[in-house]
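One structure is given below, encoded as structure tokens.
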Amino acid sequence: MEWTYTINALSRPRVLMRVVQVFDQQMVPMRECRLIESGNSLRITVIIDAGEDLARRMHAKLYKQLDMEHIDLVGGRSGQND
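Take 1 as the starting number for the sequence shown in our numbering and just add one per residue.
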């Protein structure tokens, strides 16, 4: 299933690197990654194909990262790994 993460974080060094590292550690390729900077805030949108258990586990791991303010996880249409 396709999952979309919308991450609001503080604009600090290495925030994007830490987000990407969470997906890399679970060997989940990103289908899309967008970054929008506005003042001291970042909005990072990541789209992946994964099962529900893995998507929710990664959601929890993202919250443990420094400088994260809020993370939304939305399941969408079926994808390759459904």
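We treat Cβ as the ideally placed atom computed from N, Cα and C, and that holds for glycine.
**Item:** First through last residue of the alpha helix (DSSP H) which encompasses D72
**Value:** Reading the sequence shown from its first residue, position 72 is the one you call residue 72. Boundaries for D72: no alpha helix (DSSP H) harbours it, while the beta strand (DSSP E) harbouring it runs 68-75, taken from the DSSP string.
**Asked** Thinking C-alpha only, which one of L62, E37, R31, N40 is nearest I47?
**Response** Within the sequence shown, numbered from 1, the residue matching residue 47 stands at position 47. The residue with the shortest Cα to Cα distance from I47 is R31.
**Prompt:** Name the DSSP beta bridge partners of R43, please?
**Reply:** Stepping through the sequence shown from its first residue, residue 43 is reached at position 43. DSSP, once it has assigned bridges, lists N8, I36 as partnering R43.
**Asked** Are the segment 9-22 and the segment 56-73 touching by the rule of at least three beta carbon pairs closer than 8 Å?
**Response** In this structure the segment 9-22 touches the segment 56-73; the number of beta carbon pairs closer than 8 Å is three or more.
**Asked** Does the distance from the CB of L73 to the CB of A55 come in under 8 Å?
**Response** Numbered from its first residue, the sequence shown carries residue 73 at position 73. Numbered from its first residue, the sequence shown carries residue 55 at position 55. Yes, Cβ-Cβ distance for L73 and A55 is below 8 Å.
**Item:** Coarse secondary structure for M17, derived from DSSP in three states
**Value:** Residue numbering aside, residue 17 sits at position 17 when the sequence shown is read from its first letter. Three-state DSSP puts M17 in a helix.
**Request:** Rounded to whole angstroms, what's the CA-CA distance from R57 to L35? Just pull it up for me.
**Result:** As a first step, residue 57 must be located in the sequence shown, where it is residue number 57. As a first step, residue 35 must be located in the sequence shown, where it is residue number 35. Their Cα atoms are separated by approximately 22 Å.
**Prompt:** Taking the alpha helix (DSSP H) that M27 falls in, what are its first and last residues?
**Reply:** Sequence index remark: in the sequence shown, residue 27 carries index 27 (1-based). Per DSSP, M27 belongs to no alpha helix (DSSP H) and is neither H nor E.
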